[in-house]
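*Asks:* Quick one: the structure is below, and I'll ask about it shortly.
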Amino acid sequence: MKKEEVMDLSNRDNAFRWMVNTNLNFIVRAHSHINWAIKGRAEEILSFDDLSAADKNYWNHEYKVQFSSHTVKTTFLVIFSYLEEMLHLIWKTYNPNNISTEQGYGISKYKTFMKSVLGIDVGSHNAYQKISEAQLVRNSLLHAAGRISLMQESKSKKLLKLIEKRPNYYKNKSDRIKLTPEGLISLEQSVRTLLEELMDKAIPTKEVE
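For the sequence shown, the tail end lands on 203 under this note's numbering, and the numbers increase by one without skipping.
Rendered as structure tokens:
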């Protein structure tokens, strides 16, 4: 008889897998819902009789461009924070070799652990590479409000090179790094891929015949 995976949520390992995937899905759904509401409001404004044509155009632009941009940025930061939390939980819960975290910050602290679990150099892992690039953007957003010139010179140069490398993901708008919807999707997919691969290797799977 073909074996199939048992998804018994009373089992800690299965519950952990379910939690990781479900919570990431909730973040994505929240972004989609908010984005839908913003676009709906932008269209609704055009029908307001008490606004001038200029005001309608102004607020329509604010909702469609500015507010949507802030939503992309906020979701980007939330997904990255969620990744850091999940990496910590996987490292803490499924680390039989007691591999210590490294000095540093963000995902780089778990490089040795991930290398041990995945059995490869994470520097050559496509999802990890994209997340590592996103970490540079995340730090700029948090510590310099996205203003490229306010970062350390070495990091500013890395940001500019990244924008050239990933023009569909990141833009330089008046010295501020801007995220595109494609950049957000790339981060979400990369985070999902990395976490799923880590869980597949680190968490034992219960099967029945």
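Where is the CB? At the ideal position from N, CA and C, for every residue including glycine.
Do residue 80 and residue 189 have their C-beta atoms within less than 8 Å of each other?
*Replies:* Yes, the Cβ-Cβ distance between residue 80 and residue 189 is below 8 Å.
*Asks:* Can you give me the Cβ contacts of residue 110 inside the same chain, cut-off strictly under 7 Å, excluding the 5 residues immediately before and after it?
*Replies:* 91 and 93, listed in sequence order.
*Asks:* Going by DSSP, which residues form a beta bridge with residue 166?
*Replies:* Partner(s): 171.
*Asks:* Using the DSSP secondary-structure output, state which residues sit across from residue 141 in a beta bridge.
*Replies:* Beta-bridge pairing links residue 141 to 170.
*Asks:* Is residue 99 helix, strand or coil when you go by DSSP?
*Replies:* Three-state DSSP puts residue 99 in coil, outside helix and strand.
*Asks:* Ordered along the chain, which non-local residues of its own chain (more than five positions away) have a Cβ less than 8 Å from that of residue 96?
*Replies:* Closer than 8 Å at the Cβ level, and outside the excluded window around residue 96, lie 102, 103, 104, 105 and 106.
*Asks:* If residue 153 sits next to residue 181, beta carbons under 8 Å apart, how far is it from one beta carbon to the other, in whole angstroms?
*Replies:* Rounded, the Cβ-Cβ distance is 16 Å, inconsistent with contact.
*Asks:* DSSP three-state label for residue 61, please.
*Replies:* Residue 61: helix per DSSP, three-state reduction.
*Asks:* If I measure Cβ to Cβ from residue 144 and keep anything under 7 Å in the same chain, skipping five residues before and after, which residues do I get?
*Replies:* These residues qualify, in order along the chain: 138.
*Asks:* Which residue from 185, 156 and 41 puts its Cα closest to that of residue 171?
*Replies:* Ranking the options by Cα distance to residue 171, first place goes to 156.
*Asks:* Starting from residue 44, trace the alpha helix (DSSP H) both ways and give me its first and last residue.
*Replies:* Premise fails: residue 44 is in no alpha helix (DSSP H) and is neither H nor E.
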